[in-house]
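S.K.:
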Amino acid sequence: MPEETFTPLSDTQTPPTYRFFNGKEWVVSKSGKTTELKSPIDGEIVGKLQLVTHDEIDAVLEKAKQVQPLWEATPLHQRVKVMHLTADWIRHMEDYCTSLLMREIGKTTGDAKSEIVRTADLIDYIADEVISLRGETLDSDNFPGFEKGRTAIVEWVAHGVVVCIAPFNYPVNLSASKIVPALLMGNTVVFKPPTQGGISALHLAQLFIKAGLPEGVLSVVTGSGEEIGDYLVTHKHVNMVAFTGSSDVGVHIATKTGMIPLLFECGGNNPTLVLPDADMEPTAREIIKGGFSYSGQRCTAIKYVLGTQSTLDTLLPIILANMKDTVVMGDPRSPETKLVGPVISEAAAAKVQAAVDEAVKGGAEAVAGGHTKGNYVEPTLLKNVKPQMNVVATEVFGPVISFIPVASIDEAISIINTSTYGLQASVFTKDEGTGLVIAKKINVGTVQINGSPQRGPDHFPFMGVKHSGLGVQGVRYSLEAMSRLKSTVINKPS
1 MPEETFTPLS DTQTPPTYRF FNGKEWVVSK SGKTTELKSP IDGEIVGKLQ LVTHDEIDAV
61 LEKAKQVQPL WEATPLHQRV KVMHLTADWI RHMEDYCTSL LMREIGKTTG DAKSEIVRTA
121 DLIDYIADEV ISLRGETLDS DNFPGFEKGR TAIVEWVAHG VVVCIAPFNY PVNLSASKIV
181 PALLMGNTVV FKPPTQGGIS ALHLAQLFIK AGLPEGVLSV VTGSGEEIGD YLVTHKHVNM
241 VAFTGSSDVG VHIATKTGMI PLLFECGGNN PTLVLPDADM EPTAREIIKG GFSYSGQRCT
301 AIKYVLGTQS TLDTLLPIIL ANMKDTVVMG DPRSPETKLV GPVISEAAAA KVQAAVDEAV
361 KGGAEAVAGG HTKGNYVEPT LLKNVKPQMN VVATEVFGPV ISFIPVASID EAISIINTST
421 YGLQASVFTK DEGTGLVIAK KINVGTVQIN GSPQRGPDHF PFMGVKHSGL GVQGVRYSLE
481 AMSRLKSTVI NKPS
């Protein structure tokens, strides 16, 4: 598909003003307002997004509610076919989407390409998996005290209208990971892309539509969370909200929505515990990759490392030595850049720098980095950090890893479990048995033994506890989350 087929999304101005999709066509909002998106690489305007009105949201949701029963009644094999075709379109547009993603959110070529390729593979995998999703039948005489004569038919059915809200750091992949299972299970979707990253997300939406989704099944509304977020998630026609974003926003949405299903992926702030017997070279490489990939702007990024003082004294020089070859900050479009480009905005960079400055003022030492220029934050290692410092107590969305000395494993576990976050944690040790014992004591969604936190493989369960999330994602788990069990009982006449 050539680039010009995307023109219905925008006008011919430079920079372009993109439209929103009301379920039928790409239109300009009656608000007459737009928001500018600047590239984090050089500050140039990439484009403008519409700021939709509440009336426009009403119309979109009314249409989504109206067509949902028809979409759920569509044979599953037809829904599956649309998803596979969407994946094919994504592969066809791989180079175009990769370039756009790089410019819009500052990913390196490798990271951007990986997100596009992974998204297409994910869509195909989910579409294949849904075919095997089964209900069941239950007979009454299986339970003591009941005789034959009742049969329960248990099946998976759609929630109805699902609002999907995606983040800036994976605007293609984390949009598809919500939209696809929701649509396959018979829901209609109203999609709110992130502001930064929204142009890439709009292009993804157009590929779904081009693949053959009927009118009203997928709609896309754009605008800031402050202006339309609460109105959207609390609307009477919304039956479920799937969200990825900060813990603060997740908590806010949860307090507003009432008794509807929620599927949330929120902040991570992930810890790493290094035992004295760990193989330090691969441990160092995993910490570097886990902490600095995409400038630390991942919910699965390593944020702090725990170990005895002697363990950290051994580990830190090895990390510093490895960083010379594996971490190079710069323009993500340059082949010389490795792992660290700009963070998403100067405001984000200032927030990261403030946390680093507060830690240094409180006694921490920057053994690498520690400075910011514009929205480029140096890859930073802080030692002698205390758990109560903001650089540890809050999720710092940037390339900063803090090192906290502890006297014992129990102290490390206590620090981890006291956190308000609980997405993932890592334990590095040559003794996997000890790793398993420690993993049982750590209160997070996933513990990685001898590996950095990560979302994939995408068919693994992915979940958080406390302020890190609600529900379980990951192919089959996402399909189940985007639906509910319904039971019909047939009673034999007495």
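Residue 285 in UniProt numbering sits at position 285 of the sequence shown, and the numbers go up by one each step. For each residue, glycine too, the CB sits at the ideal point set by N, CA and C. Note that this is a predicted model, so its numbers are computed, not measured.
Can you tell me whether DSSP reads Val162 as helix, strand or coil?
M.R.: Taking the first residue of the sequence shown as position 1, residue 162 is located at position 162. DSSP places Val162 in strand when its eight states are reduced to three.
S.K.: Could you tell me the distance, in whole angstroms, from the CA atom of Met240 to the CA atom of Ile199?
M.R.: Against the sequence shown, residue 240 aligns to sequence position 240. Against the sequence shown, residue 199 aligns to sequence position 199. Rounded to whole angstroms, Met240 to Ile199 spans 24 Å at the Cα level.
S.K.: Would you mind working out which of Gly149, Phe21, Ala64 sits nearest Pro493, comparing C-alpha positions?
M.R.: Numbered from 1 along the sequence shown, position 493 holds the residue referred to as residue 493. Closest option to Pro493, Cα to Cα, is Gly149.
S.K.: Where DSSP assigns a beta bridge to Tyr170, which residues make up the other side?
M.R.: Numbered from 1 along the sequence shown, position 170 holds the residue referred to as residue 170. Per DSSP, none; premise fails for Tyr170.
S.K.: Alpha carbons only, please: which of Leu315, Lys38, Thr257 is nearest the one belonging to Arg285?
M.R.: The residue labelled residue 285 in the question sits at position 285 within the sequence shown. When each option's Cα is compared against that of Arg285, the closest is Leu315.
S.K.: In whole angstroms, give me the CA-to-CA distance for Val447 and Ile413.
M.R.: Translated into positions along the sequence shown, residue 447 becomes position 447. Translated into positions along the sequence shown, residue 413 becomes position 413. If you take the alpha carbons of Val447 and Ile413, they lie about 12 Å apart.
S.K.: Please determine if the stretch 203-223 and the stretch 54-73 are in contact, where contact requires at least 3 C-beta pairs separated by less than 8 Å.
M.R.: Result yes; three or more Cβ-Cβ pairs closer than 8 Å.
S.K.: Would you grab the beta carbon distance between Thr380 and Ala366 for me? Rounded to a whole angstrom, and I think it's under 8 Å.
M.R.: Residue numbering aside, residue 380 sits at position 380 when the sequence shown is read from its first letter. Residue numbering aside, residue 366 sits at position 366 when the sequence shown is read from its first letter. Contact flag correct, Cβ pair sits at about 6 Å.
S.K.: How should Leu485 be labelled, buried or exposed, when 16 other C-beta atoms within 10 angstroms of its C-beta is the threshold for buried?
M.R.: Numbered from its first residue, the sequence shown carries residue 485 at position 485. Exposed, because fewer than 16 other Cβ atoms sit within 10 Å of the Cβ of Leu485.
S.K.: Taking the beta strand (DSSP E) that Lys236 falls in, what are its first and last residues?
M.R.: Taking the sequence shown and counting its residues from 1, one reaches residue 236 at position 236. Careful: Lys236 lies outside any beta strand (DSSP E) and carries neither H nor E.
S.K.: Any chance the stretch 451-468 sits against the stretch 408-427, with 3 or more Cβ pairs inside 8 Å?
M.R.: Yes, the stretch 451-468 is in contact with the stretch 408-427.
S.K.: Taking the alpha-carbon of Val444 as reference, which of Gly422, Leu202, Tyr18 has the nearest alpha-carbon?
M.R.: Position 444 of the sequence shown, counted from the first residue, corresponds to residue 444. Nearest option by C-alpha distance: Gly422.
S.K.: Determine which residues share a DSSP beta bridge with Glu365 and list them.
M.R.: As a working mapping, residue 365 is identified with position 365 in the sequence shown. Lys383.
S.K.: Since Arg134 is in the beta strand (DSSP E), which residue starts that stretch and which ends it?
M.R.: Against the sequence shown, residue 134 aligns to sequence position 134. Where Arg134 is concerned, there is no enclosing beta strand (DSSP E), given that its DSSP letter is neither H nor E.
S.K.: Between Asp111 and the rest of its own chain, which residues show a CB-CB distance below 7 Å, the 5 nearest in sequence each way excluded?
M.R.: Counting from one through the sequence shown, the residue named residue 111 turns up at place 111. Same-chain partners within the cutoff: Tyr294.
S.K.: Check for me: the beta strand (DSSP E) holding Gly47 runs from which residue to which?
M.R.: On the sequence shown, position 47 is the one that residue 47 refers to. Counting along the chain, the beta strand (DSSP E) containing Gly47 begins and ends at 45-50.
S.K.: Which complete beta strand (DSSP E) runs does the stretch 275-359 hold, if anything under 3 residues is left out?
M.R.: Runs of the beta strand (DSSP E) inside the stretch 275-359: 302-307.
S.K.: Tell me which same chain residues have a C-beta within less than 6 Å of the C-beta of Gln353, skipping the five on either side of it?
M.R.: For the purposes of this step, residue 353 is taken as residue 353 along the sequence shown, with counting starting at 1. These residues qualify, in order along the chain: Thr372.
S.K.: Since Arg484 is in the alpha helix (DSSP H), which residue starts that stretch and which ends it?
M.R.: Taking the sequence shown and counting its residues from 1, the one referred to as residue 484 is at position 484. Note, Arg484: premise wrong, no alpha helix (DSSP H); beta strand (DSSP E) at 483-491.
S.K.: Please classify Ser402: does DSSP put it in a helix, a strand, or coil?
M.R.: Indexing the sequence shown from 1 puts residue 402 at position 402. Note: Ser402 maps to strand in three-state DSSP.
S.K.: Under three-state DSSP, which class holds Val396?
M.R.: Looking up residue 396 in the sequence shown gives position 396. Correct three-state label for Val396: coil.
S.K.: With a threshold of 8 Å, are at least 3 pairs of Cβ atoms found where one atom belongs to the stretch 148-165 and the other to the stretch 203-212?
M.R.: No contact exists between the stretch 148-165 and the stretch 203-212.
S.K.: Starting from the Cα of Ile318, find the closest Cα among Gly23, Ala368, Trp71 and give me that residue.
M.R.: For the purposes of this step, residue 318 is identified with residue 318 of the sequence shown, where counting begins at 1. Comparing Cα positions, the closest option is Ala368.
S.K.: CB Glu115 to CB Asn173, shorter than 8 Å?
M.R.: Counting from 1 along the sequence shown, the entry for residue 115 is found at position 115. Counting from 1 along the sequence shown, the entry for residue 173 is found at position 173. Cβ distance < 8 Å, so Glu115 and Asn173 count as in contact.
S.K.: If we count Cβ pairs, one from each stretch, closer than 8 Å, do we get three or more for the stretch 263-271 versus the stretch 301-308?
M.R.: Enough Cβ pairs lie closer than 8 Å, so yes.
S.K.: Near Cys164, what residues of its chain come up, given a Cβ to Cβ distance below 6 Å and the 5 sequence neighbours on each side ignored?
M.R.: Stepping through the sequence shown from its first residue, residue 164 is reached at position 164. Here the set comprises Lys178, Ile179, Val189, Phe191, Ala242.
S.K.: Using 8 Å for Cβ pairs, my map puts Pro40 next to Ile416. What's the rounded Cβ distance?
M.R.: As a working mapping, residue 40 is identified with position 40 in the sequence shown. As a working mapping, residue 416 is identified with position 416 in the sequence shown. Their Cβ separation, rounded to whole angstroms, is 31 Å, which puts Pro40 and Ile416 out of contact at 8 Å.
S.K.: So which of Asp230, Tyr96, Trp71, Glu94 has the shortest CA-CA distance to Leu183?
M.R.: On the sequence shown, residue 183 is found 183 positions in, with the first residue counted as 1. Nearest of Asp230, Tyr96, Trp71, Glu94 to Leu183, Cα basis: Trp71.
S.K.: Counting C-beta neighbours from all protein chains within 10 Å, is the total for Glu228 16 or more, i.e. buried, or is it exposed?
M.R.: Taking the first residue of the sequence shown as 1, we reach residue 228 at position 228. In the sequence under discussion, the amino acid at residue 228 is Ile, which differs from the Glu named in the question. Buried, because 16 or more other Cβ atoms sit within 10 Å of the Cβ of Ile228.
S.K.: Taking the alpha helix (DSSP H) that Phe208 belongs to, which residues open and close that run?
M.R.: Against the sequence shown, residue 208 aligns to sequence position 208. Per DSSP, Phe208 belongs to the alpha helix (DSSP H) from 198-210.
S.K.: Which word fits Glu226, buried or exposed, when buried means at least 16 other C-beta atoms lie within 10 angstroms of its C-beta?
M.R.: Position 226 of the sequence shown holds residue 226. Glu226 comes out exposed.
S.K.: Using the rule of at least 16 other Cβ atoms within 10 Å of the residue's Cβ for burial, across every protein chain shown, is Gln473 buried or exposed?
M.R.: Counted from its first residue, the sequence shown places residue 473 at position 473. Counting Cβ neighbours within 10 Å, Gln473 comes out buried, since at least 16 surround it.
S.K.: Which class does Ala425 belong to by DSSP, given the choice of helix, strand or coil?
M.R.: The residue labelled residue 425 in the question sits at position 425 within the sequence shown. Note: Ala425 maps to strand in three-state DSSP.
S.K.: On a Cα-Cα basis, can you pick out the residue from Ile123, Gly250, Val406, Asp431 that is closest to Ala278?
M.R.: Within the sequence shown, the letter at position 278 stands for residue 278. Of the candidates Ile123, Gly250, Val406, Asp431, the one whose C-alpha sits nearest the C-alpha of Ala278 is Asp431.
S.K.: Going by other Cβ atoms of all chains shown within 10 Å of its Cβ, with 16 needed for buried, is Ile442 buried or exposed?
M.R.: Working through the sequence shown from its first residue, we reach residue 442 at position 442. The residue in question, Ile442, is buried, as its Cβ has 16 or more Cβ neighbours within 10 Å.
S.K.: Given a threshold of 16 other Cβ atoms within 10 Å of its Cβ, counted over all protein chains shown, does His237 qualify as buried or as exposed?
M.R.: Along the sequence shown, read from residue 1 onward, the residue named residue 237 stands at position 237. Answer is buried; the Cβ neighbour count reaches 16.
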